[in-house]
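Residue numbers (the UniProt record's numbering), protein chains in the order written: chain A, 1 to 550; chain B, 1 to 550. Where is the CB? At the ideal position from N, CA and C, for every residue including glycine.
Number of protein chains: 2
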Amino acid sequence: MTVTTTDLFATHEELLNSALRAITERGYWSAYPESPSPKVYGETAAADGKAAFTALLGKDFPLDQPADEWVSPERSPFGIPLGVRYPRTSPDALIAAAKAALPSWRDAGPQQRAGVCLEILSRLHRRVFELANAVHATTGQAFVMAFQAGGPHALDRALEAVAYGYAEQTRQVGSVVWTKKADTLAKTYHLVPRGIGLVIGCNTFPTWNSWPGLFASLITGNPVLVKPHPGAVLPLAITVQVAREVLAEAGLDPNTVQLAVDTREAPVAKDLALRPEIRLIDFTGSTAFGDWLEDSARQAQVYTEKAGVNTVVVDSTDDFAGMCRNLGFSLTLYSGQMCTTPQNLLIPAGGIETEAGHKSFDEVVDGIAGAVRAITADPAKAVEFTGAIVNDDVVERIAAARKMGDVVLDSAELAHPAYADAVVRTPMIVKVTDGYGSECFGPVTFAVPTESTAQSIDIFRETVGEKGAITAAVYSTDEAVLDAVEQAAMEVGVHLSANLTGGIFVNQSAAFSDFHASGANPAANAALTDGAFVASRFRIVQSRRPAAAA
Amino acid sequence: MTVTTTDLFATHEELLNSALRAITERGYWSAYPESPSPKVYGETAAADGKAAFTALLGKDFPLDQPADEWVSPERSPFGIPLGVRYPRTSPDALIAAAKAALPSWRDAGPQQRAGVCLEILSRLHRRVFELANAVHATTGQAFVMAFQAGGPHALDRALEAVAYGYAEQTRQVGSVVWTKKADTLAKTYHLVPRGIGLVIGCNTFPTWNSWPGLFASLITGNPVLVKPHPGAVLPLAITVQVAREVLAEAGLDPNTVQLAVDTREAPVAKDLALRPEIRLIDFTGSTAFGDWLEDSARQAQVYTEKAGVNTVVVDSTDDFAGMCRNLGFSLTLYSGQMCTTPQNLLIPAGGIETEAGHKSFDEVVDGIAGAVRAITADPAKAVEFTGAIVNDDVVERIAAARKMGDVVLDSAELAHPAYADAVVRTPMIVKVTDGYGSECFGPVTFAVPTESTAQSIDIFRETVGEKGAITAAVYSTDEAVLDAVEQAAMEVGVHLSANLTGGIFVNQSAAFSDFHASGANPAANAALTDGAFVASRFRIVQSRRPAAAA
């Protein structure tokens, strides 16, 4: 069945308008239910999604792109046998096809592009359980997290990017009749894309971290090449498949979105990133590669999210148990493999004041360690929070961290009840006095004794100023301390969560309300999502001609 | 008298709201009357402004900045003796003072900053005749042009930048109470400036080209160093003086805006541009220095307007005299020393069709040359259009161009009736078949015979694609040709004017309606003004704390 893009815009216009309101008002709003409950998604949704996922395994992935060869680079952290084969299309072919797709996508205009983008999101949402299985299998995330972060939360972030891009393109009229004294001109404001976008995905959050850049570039008229991390191809292959299907049905060129799969042995990201036709790059991953992109891909606008040193200033609390429980959960979630997981806990060596009296440094660290122990005591339950370890580097980092100081809580290997080959590790907490100034990605937390909260704030300012951070937190009952840390956070440009003791965690950022990364410190040069994330993805090119006065 | 910044916002809020509407609707709108008539500005305004200007000459300019020494780098193209001495403040002192000013300017917030910026514009407007004299004397612009482009049109562009920056900062709420199930958080969205801005002015349009960057950085919370071209300091010295006066009266740090004057012998722009504290640079000038800034000042967001090859495709017309008159005027205005002046006239060698029958190539070029001759026949009238030549390089370029092909219209030296030492040159038109692919800044136009309009469009696409352009024009009675050129203009990213025969010229871009430069071709990486010009000048840094449910 062919749909017209006008139909698609009409279908999704109300959702778009709600999203446009939400990015302005920034209260709680979500377009895609985050509960995987059968009451929400239907009795058979989970089983159907699992079956659809299973049906893809060990086969050629159905994607109509020319293939130099078929590659199968994924290896599941749970040991799930994947064996999906993807067509590897050469960079030349990808770029030629994207160039050919550009004019029709540009000329479609913002309304039609919004219709297509929102239809893609709608169909991805229909396949959300299949996607959740793909995210779970490739990233090592526990299933519920893979469902939420990889499905509804990622869809919300994608919708947010569409809303920002749409708003940016429609903030002025498309044309006007302009009269000054005797002269009347008809003016047209053409929206012109930058060129071809390249989205470079990461292993840990293939959809959540890639979709904003993908949809920000798409809505602003740029064809996009999607280059997944070789460890997490399937979620983005499904994404590209859905996008191409919607484009084709709408009578547009499916090559507006293409998969640029590669392997660890023959990576393609550097080659693509330096092509003159690539004018936009969205990257999530290591600081080394992100810095290389920023320095080298000078022909492109480069949006990066790299590594940072997320820091917690612990000064005092009126809910010691709540603080420990909240931080313990933050450390345990996905075994600390979130870019938002706290790494450094800065705690006065002399201890802190709480509602239950003074707690020594060791008591504070033990309290947090105890919370982690409570969550991870039962392996069968633990794995539903920790998931699995995404790669061998993380395992090695745990071993190295063990030698950095006094191990307060050691990382343990757990057997996964469902997956015999899963690599599962619980969080470790190490008391250190140095070596904590760089990112140690994985289930490693450093407890750092400081002379005082004032010194904690100095260290916070120094480490985040130098190495950046995606998140920061503070616990204090003292308004002056809260203000001082908030002031420092503004100065070093990191988002701050204060006194979280309930069901919200420093790791979490909610689309339409929380900005993710700030672009104001070395951990990232962009934020999800603000005006700056979309405004430079297109240009306005104007034409004017004499006309009859209106 | 001390004013509060709240008063200032209230005073100017209606103007701001009108500007916010104007950037959306983009019909004709201007906040500052462009006619220097006594009916508009009062009977004594012109004489008072002239007297205020004259009173500044040969003296230390009253600016309360620490001076290493006092310098007097200006030399008037009209030979007007200036001799104004400016305090040269060291880069270290400038940066230290700007850093100290940052927190109070940041904390003032967008409303208070808008009030201050609009009060500065209001006071600059009150000194508009003084400014016009300063622009006239330093740039060589004829007085009316110096008044209009240097005064009201520049004020409009500055107000436009304030409006964009204000809109960008207030597109989301400043704070919100967010509730999701049992959790309620109070969230604050802090607007955090990038750092210190550096504005590098040009000799030809010291206010028009510098104010947008200055006010875009200011409104978004960044202190700014204003580095004028050594040839055109006075207009920006007055600007900085007014800004500091308003800041001080409003109880803010005057060092939020500082003058960074230098001399040709000891330039300071490179030194300042590479300082890590400089996070925003706005530059208008040569391609060489603009490219150097883009490549070298990697710590900063760099906004450049450089050189380009402005092109006119002449295909056919139904108003031959109107076309010739319009183009002739465009070439004559400020002796072709506008970044928007056409350089290449692409005309089929076989001639064109007009309402008066076929015109040969030579007849077309003669028609345009005749229009220039008519405007420049009477030297006393001519200088009110041509003004004077801004520097010796332009004079040398005229001599060099004379050897490039057949001189259809030679450039003539004119005696200026008011200024004996003025260097005045009328436009020249040279028929060439090569050498027209790079910018030849000044009163030099190349008439290029092409095989056909189709080839003209190819040449247009090639030269603008390679070297960039700020403007382009087409004359045709054929809708297919107009569409083909518009398509090509979109592809190479240049604004296009079609069939201008009346009182609007390709050189002119009107604030609130026309975008100036596009950022989509090599002539400039930014546009005046769009969302991209302001969105990256600040960041949002968020904080969140548990709160009682709303």
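Chain-ordered neighbours of residue i on chain A, where CB pairs are closer than 7 Å
i	result
Gly-519 of chain B	Arg-539
Glu-69 of chain B	Under the 7 Å cutoff, chain A gives no residues; its nearest Cβ is about 35 Å from Glu-69 of chain B.
Ala-532 of chain B	Ala-535 and Ser-536
Per-residue burial, residue i [other beta carbons within 10 Å of its own, 16 or more giving buried]
i	result
Asn-521 of chain B	buried
Val-40 of chain A	exposed
Arg-127 of chain A	buried
residue 554 of chain A	A question about residue 554 of chain A goes unanswered here, because the residues of chain A that appear run from 1 up to 550.
Arg-325 of chain B	buried
Glu-74 of chain A	buried
Glu-130 of chain A	buried
Asn-310 of chain A	buried
C-beta neighbour in chain B for residue i, strict 7 Å
i	result
Gln-542 of chain A	yes
Arg-545 of chain A	yes
Glu-486 of chain A	yes
Val-176 of chain A	yes
Tyr-28 of chain A	yes
Thr-179 of chain A	yes
Met-1 of chain A	Bear in mind that the predicted position of Met-1 of chain A carries a pLDDT of just 46, short of 50, making it unreliable; the figure below should be weighed with that in mind. False, the Cβ-Cβ gap to chain B never drops below 7 Å.
Glu-462 of chain A	no
Thr-256 of chain A	no
Leu-16 of chain A	no
CB contact check: residue i to chain A, cutoff 7 Å
i	result
Asn-310 of chain B	no
Tyr-164 of chain B	no
Gln-172 of chain B	yes
Glu-130 of chain B	no
Gly-290 of chain B	no
Leu-496 of chain B	yes
Tyr-303 of chain B	no
Asn-499 of chain B	yes
Glu-168 of chain B	yes
Gly-493 of chain B	yes
Thr-24 of chain B	yes
Straight-line Cα distance separating residue j from residue i
i	j	result
Met-1 of chain B	Pro-206 of chain A	Model confidence at Met-1 of chain B stands at a pLDDT of 46, short of 50, so the residue's coordinates are unreliable and nothing is read from them.
Ala-524 of chain B	Gly-42 of chain B	39 Å
Gln-169 of chain A	Val-492 of chain B	19 Å
Leu-528 of chain B	Thr-284 of chain B	12 Å
Tyr-32 of chain A	Ala-46 of chain A	16 Å
Ala-484 of chain B	Arg-461 of chain B	11 Å
Thr-139 of chain B	Leu-345 of chain B	26 Å
Val-84 of chain A	Asp-421 of chain A	19 Å
Tyr-164 of chain B	Ala-371 of chain A	49 Å
Pro-379 of chain B	Ser-316 of chain B	32 Å
Ala-548 of chain B	Ser-175 of chain B	14 Å
Asn-203 of chain B	Thr-426 of chain B	19 Å
Nearest neighbour of residue i, chosen from the options [CA to CA]
i	options	result
Trp-211 of chain A	A:Gly-151, A:Met-490, A:Val-268 and A:Ala-260	A:Gly-151
Ser-518 of chain B	A:Pro-267, A:Ala-134, A:Tyr-189 and A:Ala-93	A:Tyr-189
Ile-389 of chain B	B:Ser-438, B:Leu-198 and B:Leu-333	B:Leu-333
Asp-107 of chain B	B:Pro-223, B:Ala-22 and B:Asp-60	B:Pro-223
Phe-61 of chain A	A:Glu-74, A:Pro-38, A:Ala-67 and A:Tyr-86	A:Tyr-86
Asp-318 of chain A	A:Ala-146, A:Tyr-419, A:Pro-254 and A:Ile-352	A:Ile-352
Met-404 of chain B	B:Phe-385, B:Ala-412 and B:Gly-435	B:Gly-435
Asn-507 of chain A	A:Gln-112, A:Leu-331, A:Arg-545 and A:Arg-544	A:Leu-331
Thr-54 of chain B	B:Ala-535, B:Val-135, B:Asp-253 and B:His-125	B:Val-135
Proximal chain B residues relative to residue i, where beta-carbon distance stays under 8 Å
i	result
Gly-328 of chain A	Correct list: empty, because the minimum Cβ distance to chain B is about 17 Å.
Ala-527 of chain A	Arg-539 and Ile-540
Closer than 8 Å at the beta carbon, the chain A residues around residue i
i	result
Asp-514 of chain B	Lys-187, Gln-542 and Arg-544
Under 7 Å from the C-beta of residue i: neighbouring residues of chain B
i	result
His-190 of chain A	Met-490
Min CB distance residue i to chain C below 7 Å
i	result
Ala-182 of chain A	The question asks about chain C, but that chain is absent: this structure's protein chains are A and B.
Under 9 Å from the C-beta of residue i: neighbouring residues of chain A
i	result
Gly-503 of chain B	Lys-180, Lys-181, Ala-182 and Asp-183
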